[in-house]
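As structure tokens, the structure follows; a few thoughts come after it.
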Amino acid sequence: MAAPGLKKVAPYWHSYATMAKQRWWGREILELVSTEFRDRSIEYYRFAIESGICCINGKSAKLGTIVRNGDRIENIVHRHEPPVTSIPVKVLQVDRERDFIVIDKPGSIPVHAVGRYYKNSLIQILQTDFGFEKVYPVNRLDRLTSGCMIMALSPLRARQITDEFVAGRVKKEYIARCQGEFPDEVVCEEPLLTVDRQMGLNIVHPEGKPAKTLFKRMFYDSRTDTSVLLCRPFTGRSHQIRVHLQFLGYPVANDPIYSNTTAFGPKLGVGGIDTTPSVERFPPLPPSALTPNATKEVISPLLLTDNEYLGKTNIMPPNEFHQEALKVLNNESNRALLPRETGEDIGYASPIPLSSEAVKIIMALRNMKDGDEDWSRWRDNVFTGRKPLVPPLPVGSWSNKPSVNEAAITARMLEGKDKNEIMTTDFLSEAEQIDQPSDEGLYCKDCYLPLHPDPDPGKLYIFLHALRYTTDLGSFETETPWWARESWDGTGWVKY
Numbered sequence: 001m002a003a004p005g006l007k008k009v010a011p012y013w014h015s016y017a018t019m020a021k022q023r024w025w026g027r028e029i030l031e032l033v034s035t036e037f038r039d040r041s042i043e044y045y046r047f048a049i050e051s052g053i054c055c056i057n058g059k060s061a062k063l064g065t066i067v068r069n070g071d072r073i074e075n076i077v078h079r080h081e082p083p084v085t086s087i088p089v090k091v092l093q094v095d096r097e098r099d100f101i102v103i104d105k106p107g108s109i110p111v112h113a114v115g116r117y118y119k120n121s122l123i124q125i126l127q128t129d130f131g132f133e134k135v136y137p138v139n140r141l142d143r144l145t146s147g148c149m150i151m152a153l154s155p156l157r158a159r160q161i162t163d164e165f166v167a168g169r170v171k172k173e174y175i176a177r178c179q180g181e182f183p184d185e186v187v188c189e190e191p192l193l194t195v196d197r198q199m200g201l202n203i204v205h206p207e208g209k210p211a212k213t214l215f216k217r218m219f220y221d222s223r224t225d226t227s228v229l230l231c232r233p234f235t236g237r238s239h240q241i242r243v244h245l246q247f248l249g250y251p252v253a254n255d256p257i258y259s260n261t262t263a264f265g266p267k268l269g270v271g272g273i274d275t276t277p278s279v280e281r282f283p284p285l286p287p288s289a290l291t292p293n294a295t296k297e298v299i300s301p302l303l304l305t306d307n308e309y310l311g312k313t314n315i316m317p318p319n320e321f322h323q324e325a326l327k328v329l330n331n332e333s334n335r336a337l338l339p340r341e342t343g344e345d346i347g348y349a350s351p352i353p354l355s356s357e358a359v360k361i362i363m364a365l366r367n368m369k370d371g372d373e374d375w376s377r378w379r380d381n382v383f384t385g386r387k388p389l390v391p392p393l394p395v396g397s398w399s400n401k402p403s404v405n406e407a408a409i410t411a412r413m414l415e416g417k418d419k420n421e422i423m424t425t426d427f428l429s430e431a432e433q434i435d436q437p438s439d440e441g442l443y444c445k446d447c448y449l450p451l452h453p454d455p456d457p458g459k460l461y462i463f464l465h466a467l468r469y470t471t472d473l474g475s476f477e478t479e480t481p482w483w484a485r486e487s488w489d490g491t492g493w494v495k496y
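For the sequence shown, our numbering begins at 1 and goes up steadily by one.
What follows is the structure, given as structure tokens:
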């Protein structure tokens, strides 16, 4: 049962399928997926490929396979969707005559299916829970941001409203709670640039896109040393309000990126970060529990028969990965490591050369994310001799819709086949642990991922809310969120 304040989805098998993008052409499959996607660890992607569940053009890919123009890539995963808030999506207005709806999106829910989110994405919730056959978002909100959204019910209406947003004819008003005592009114016009999409990092940069935001203080709360602001963005850049407030020295009070002292240091990026280009790169840090001075021993790989598991290639304990990466970066080793293992993939998709400060911020955010995912436990678990991943349907028979897959899996189970032939579930029971003290977590019995305790609901949203939009169709507004009221006493505030 979900903890109070959370909505959870049971893990399920799912197939991702996509055509090879141009920047993928000519790249080796493991390097490609480990660099382009950070949803799982390098070791997991290697394990999945060697289990045969990553396919190119309907055939299982092998390590060393080069991706070509026209290739169709499919990857089958046991999807563990992160919990989202139990605060429901609210439909504020339905206008079928003019083909649009207005909704109030809670923080923590992404608009589109992305990464590990599918059933808990806004579009799927509107289709599954509210019965809308098709919805077309015309304004985007970050996953952590809550508030008003206009959704078209037809492509024509979507284009018309989108054109209004692009032309700047829509009046957008947000409400935010920031750190410190904000001045009465400030206009910020610093240009903004996205430098790392995987970590969602945007910075003030002279080569960025023009951006303008008006901030007006509504009130200052001396009890929490925070201010509630009315924010009026005149442009629509990614993270515009969040980055402008950080630049001014008043970041959104619970922002896990721009109010994060581990990543930005005690000054939290006030006045912007250094933009001097640098070639300096850093490998990911080993998990803190497995650093050289740690008392816990790394579990060594077991020798398995060829029929059990052929993985294990180029796999080392985490700290040895880090030390080897340092040698590669210092030209002391010719060992072939992937860009993600040395940190050389940082800035791969950045439109400008990154500064040393930007690289350190991105690496800090990566290390925090990897630590939260606890990939060291996953590695230890696989090292104890788990067999390859075996999805419950044959490769090549998967749909991109979970409901279709679930029906096929159920039908196959009802055929009377032996359960071990259908799903690999006999390796770990739900309560079994692998050489771990009794107070440590469990593993998924189907894909061996570490199972995490429920997150603090306060980490699933930020103090930023789309309050009101005024368009040619009318003015649409939500209620003021609880954290923006003068009576709020700081309950649920997670500081980073």
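Virtual Cβ for every residue (Gly too), placed ideally from N, Cα, C.
Where residue i sits in the DSSP three-state scheme
| i | result |
| --- | --- |
| Val89 | coil |
| Trp482 | helix |
| Arg44 | Checking the displayed sequence, the identity of residue 44 turns out to be Tyr instead of Arg. In this structure, Tyr44 counts as helix in the three-state DSSP scheme. |
| Ala61 | coil |
| Lys445 | coil |
| Gln240 | helix |
| Trp13 | strand |
| Met363 | helix |
| Asp104 | strand |
| Met368 | helix |
| Asn75 | strand |
Residue i versus residue j - alpha carbon distance
| i | j | result |
| --- | --- | --- |
| Arg96 | Leu248 | 43 Å |
| Glu357 | Ile203 | 11 Å |
| Ile42 | Arg242 | 31 Å |
| Glu280 | Ser355 | 8 Å |
| Arg143 | Trp24 | 27 Å |
| Gly236 | Glu190 | 13 Å |
| Glu344 | Glu173 | 40 Å |
| Gln198 | Glu415 | 42 Å |
| Leu214 | Glu185 | 7 Å |
| Arg232 | Val102 | 20 Å |
| Leu389 | Asp255 | 37 Å |
| Ile362 | Thr262 | 11 Å |
| Val84 | Lys327 | 41 Å |
| Ser238 | Tyr118 | 22 Å |
| Pro394 | Phe282 | 40 Å |
Buried or exposed (CB count within 10 angstroms, at least 16 for buried), residue i
| i | result |
| --- | --- |
| Lys401 | exposed |
| Gln179 | buried |
| Gly147 | buried |
| Trp482 | exposed |
| Thr313 | Residue placement at Thr313 cannot be trusted, given a pLDDT of 36 that sits under 50; what the coordinates show is reported in the next sentence. Looking at its Cβ environment, which holds fewer than 16 other Cβ atoms inside 10 Å, Thr313 is exposed. |
| His78 | buried |
| Ser429 | For Ser429, the predicted structure reports a pLDDT of 32, less than 50, and the residue's modelled location is therefore unreliable. A value from the coordinates is still provided. Exposed, since its Cβ has fewer than 16 Cβ neighbours within 10 Å. |
| Gln246 | buried |
| Leu365 | buried |
| His112 | exposed |
| Glu31 | buried |
| Arg157 | buried |
| Pro353 | exposed |
| Val500 | Since the first residue shown for the chain is 1 and the last is 496, residue 500 is missing from the structure and cannot be characterised. |
| Ser259 | buried |
| Asp489 | exposed |
Reference residue i; option with closest CA among the options
| i | options | result |
| --- | --- | --- |
| Ile273 | Ala17, Ser333, Pro206 and Ser146 | Pro206 |
| Thr35 | Thr213, Phe215, Glu189 and Thr342 | Thr342 |
| Tyr220 | Leu214, Asp196 and Ala176 | Ala176 |
| Glu164 | Leu193, Phe234 and Ser227 | Phe234 |
| Ala484 | Ser227, Val91 and Ala167 | Ser227 |
| Arg68 | Arg27, Thr480 and Val114 | Arg27 |
| Ile87 | Glu486, Asn367 and Asn120 | Asn120 |
| Ala10 | Leu192, Arg116, Glu477 and Lys212 | Arg116 |
If you pair each beta-carbon of the region 105 to 120 with each one of the region 452 to 466, do three or more pairs fall below 8 Å? Touching, per the Cβ criterion.
How about the region 63 to 76 and the region 15 to 30: do they share at least three Cβ pairs that are nearer than 8 Å? When C-beta atoms of the region 63 to 76 are compared with those of the region 15 to 30, three or more pairs fall below 8 Å, so the two segments count as touching.
Three or more C-beta pairs under 8 Å: does that hold for the region 147 to 167 against the region 444 to 454? With fewer than three CB-CB distances shorter than 8 Å, the region 147 to 167 does not count as touching the region 444 to 454.
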